[in-house]
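Residue numbers (my numbering): 6 to 79.
Worksheet: the structure to be examined is printed underneath.
This is the structure:
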């Protein structure tokens, strides 16, 4: 069951050019979890964005990640 707070989190109007995101792999390392899947299991309602190829290239070119294969979640 979704609450009003959950619906507000998913409002696309909240994202703008000054919005900041963090790689899910980094969050899981900070929280000392073995991988990001454990994070998704523990917090299933967390907002996540599965990056596309253009996002992946940008993240690699700007040295935010060196991950060449697999999914990158923000």
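Ideal Cβ placement from N, Cα and C applies to all residues, glycine included.
Self-check item: Inter-residue spacing [alpha-carbon to alpha-carbon] between residue 45 and residue 78
Solution: By 1-based counting over the chain shown, the position of residue 45 is 40. By 1-based counting over the chain shown, the position of residue 78 is 73. CA-to-CA, the gap between residue 45 and residue 78 works out to about 11 Å.
Quiz item: Grouping DSSP H, G and I as helix and E and B as strand, with all else coil, what is residue 5?
Solution: Here the chain has residues from 6 to 79 only, and residue 5 is not among them.
Quiz item: In this structure, what does DSSP give as the bridge partners for residue 109?
Solution: The chain is shown only over 6 to 79; residue 109 falls outside these bounds and no answer can be derived.
Exercise. Between the Cα of residue 70 and those of 19, 27 and 21, spot the shortest distance and give me the residue it belongs to.
Key: As a position in the chain shown, residue 70 is number 65, starting the count at 1. Restricting attention to 19, 27 and 21, the CA atom closest to the CA of residue 70 is found in 27.
Exercise. Would you please state the rounded distance, in angstroms, between the beta carbons of residue 30 and residue 41? I believe it to be under 8 Å.
Key: Here residue 30 corresponds to residue number 25 of the chain shown, with the count starting at 1. Here residue 41 corresponds to residue number 36 of the chain shown, with the count starting at 1. Right, the Cβ-Cβ distance comes to about 6 Å (below 8 Å), so this counts as a contact.
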